Amino acid sequence: MNEFDLVILAGGDGRRLKPLTDGTPKALLPLANRPLLSYQLEFVNQVGFKKVIVVATHSNHEAVRLHIENSKQELEDLVIHLEVFDDFLGSAGCLLKLKDKIQNHVIVMSGDLIVEDQFLHHMADLHRARDAAVTLLTYQESLENDQDAKPSKENAITDFFGIDPTNDRLLLTESSNDLEASSAKLRVQKSLLKRFPNFTLHTNLRDAHFYMFSKWTLELLEQNKQMIQSIKTHFIPYLIKSQFRKKKTEEIKIPNYFSNRVYNMSSTYTDPDDRVKCFVWRLDPSAYCSRVSNFDSYMKINREIASGEKFYVPLEPQSEGKHKYFIAPSAQVSGNTQVTTGSVVGEGTTIADKVGVKKSIIGKHCIIGPYAKIANSVILDHVNIAEGAKIQNCIIGPNSYIDPHATLTDCYLGTASRVPPGSTWTGRKNAGNI
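In this note's numbering, the protein residues as written are 51 to 484.
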């Protein structure tokens, strides 16, 4: 991968995960007791990069810096450069700020993406061979194997991709969320259909927020920096539209040393005058890929990693035998407690007698009282769950206290929440510091 630089955008504010992100940067939210950023750094290390640029913001950079320092021993062959920018600078602005430090083609990876690495070399080879301006990674997201997941409005967002099926050229992209926000309708120009009669509109693909850019596209970004703030919302649509605007493509010198060779070898029609070309890479459905974009996806990914059946697994040792669960050596779990497959118990946590832990992640230094029942939930660090409490389908923020015999169902609680004794809460969301 010597022909690519790689940038991880780890400065996201995680507004759709508040109040969990009020005290913890989104990039460091624990997933199966591992910081989210650790999965991206593992990805980068495994595919053979020797260096990576991690972008943080002024508000979260100190926590990100500490995580990078603590990761150096396990990632000793990887040089990590931390770049810190203003909190309000968009993703395209961050990329432009890095322009002088990027020496090659560049891969931009969102800080909330978890993906297997097998696709990368094939995607990079085709990006180079096609002389592409940008190649987007897309994937199909399915809930069919996650029996605990529930449909929600947050998961109903659709990405529309217009793709030429002969070569996966990207001709159009829109998000239902953006269309709804602007009260607009999806429009397809007749000229596009005339030029690409086999144009297919896909609604079952998701944008992974993983982009390969040729180095010269940064010149286009520089020329249009006043109108481009976001990579997904502004820069990608700009490049797609530039495919059909000859004046735009003549504004800069675009190297196309592969173009003539590819044109001569191609069995499908390719206009040799095409200078800006955008493509998609469709990830094999069997490969793991997901983004932590909201509470529902956060719950889902926690469950998937805790299952021990995905590409990434928790750091705690796995149990032996038919039941797959992960318990840190320093955790103290009573012999009368039942921990089921798909559960994780973090370091320094104490679990008393006759507790039931079913498909749940319990963080570090938690105290779980006797007879408590925890099912399909994520319990963050330093949480105290008292005797007889029942928790189902919940996220409990760090430093929270659940009093005796409280019952919580479908609740997402923020940092330092307090639930009174005997309370029954259902569907309470974003409740922090109660």
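Idealized CB from N, CA, C, for every residue including glycine. None of the values given here were measured: they were computed from a predicted structure.
**Q.** Whole-number beta carbon distance between residue 62 and residue 161, since they are thought to touch under 8 Å
**A.** 6 Å
(Q) Could you check whether residue 400 and residue 377 sit closer than 8 Å to each other, using their CB atoms as the reference points? (A) no
Q | Close-in-space but distant-in-sequence residues of the same chain around residue 373 (CB under 6 Å, 5 per side omitted) | A | 391
Q: Starting from residue 459, follow the alpha helix (DSSP H) in both directions and report where the run begins and ends.
A: No alpha helix (DSSP H) contains residue 459, which is instead part of the beta strand (DSSP E) from 457-459.
Q. Is the distance from the Cβ of residue 293 to the Cβ of residue 328 below 8 Å?
A. yes
Q) At which residues does the beta strand (DSSP E) containing residue 440 begin and terminate? A) 440-442
**Q.** Reduced DSSP secondary structure (H/G/I, E/B, other) of residue 218
**A.** coil
Q. Alpha carbon to alpha carbon, what distance is there between residue 412 and residue 383?
A. 12 Å
Q. If you compare alpha carbons, which of 158, 116, 388 and 430 is closest to residue 70?
A. 430
Q | Assumed close pair residue 453, residue 436 - CB separation to whole angstroms, cut-off 8 Å | A | 5 Å
Q. Using the C-alpha atoms, what's the distance from residue 247 back to residue 309?
A. Confidence is the limiting factor: at residue 309 the pLDDT is only 45, short of 50, which leaves the residue's position unreliable and the question unanswerable from this model.
Q: Can you tell me which of 434, 105, 129 and 446 puts its alpha carbon nearest to the alpha carbon of residue 138?
A: 105
**Q.** CA-to-CA distance, residue 239 to residue 353, given in whole angstroms
**A.** 43 Å
**Q.** Rounded separation between residue 79 and residue 120 - CA only
**A.** 16 Å
Q: Drop a sphere of 10 angstroms on the beta-carbon of residue 380, count the other beta-carbons inside from all chains shown, and report buried for 16 or more, exposed for fewer.
A: exposed
(Q) I'd like the span of the alpha helix (DSSP H) that includes residue 345, first residue to last. (A) 345-356
Q. If you drop the 5 nearest sequence neighbours on each side, which residues of the same chain put their C-beta closer than 6 Å to that of residue 433?
A. 416, 446 and 450
Q. Under 8 Å between the Cβ atoms of residue 102 and residue 128?
A. yes
Q) With a Cβ-Cβ cutoff of 8 Å, do residue 83 and residue 405 count as a contact? A) no
**Q.** Alpha-carbon spacing of residue 126 relative to residue 99, whole angstroms
**A.** 12 Å
Q | Burial state of residue 315 (16 or more Cβ within 10 Å) | A | In this predicted model, residue 315 has a pLDDT of only 40, less than 50, meaning its place in the structure is not dependable; the value taken from the coordinates is given anyway. Classification for residue 315: exposed.
Q. Hey, how far is the Cα of residue 152 from the Cα of residue 110?
A. 23 Å
Q.
Taking the alpha-carbon of residue 386 as reference, which of 68, 357 and 407 has the nearest alpha-carbon?
A. 407
Q. Using DSSP with H/G/I as helix, E/B as strand and the rest coil, what is residue 388?
A. strand
**Q.** Helix, strand or coil at residue 51 [DSSP, three-state]
**A.** coil
Q: Assuming residue 114 contacts residue 132 (C-beta within less than 8 Å), just tell me the rounded distance between them.
A: 7 Å
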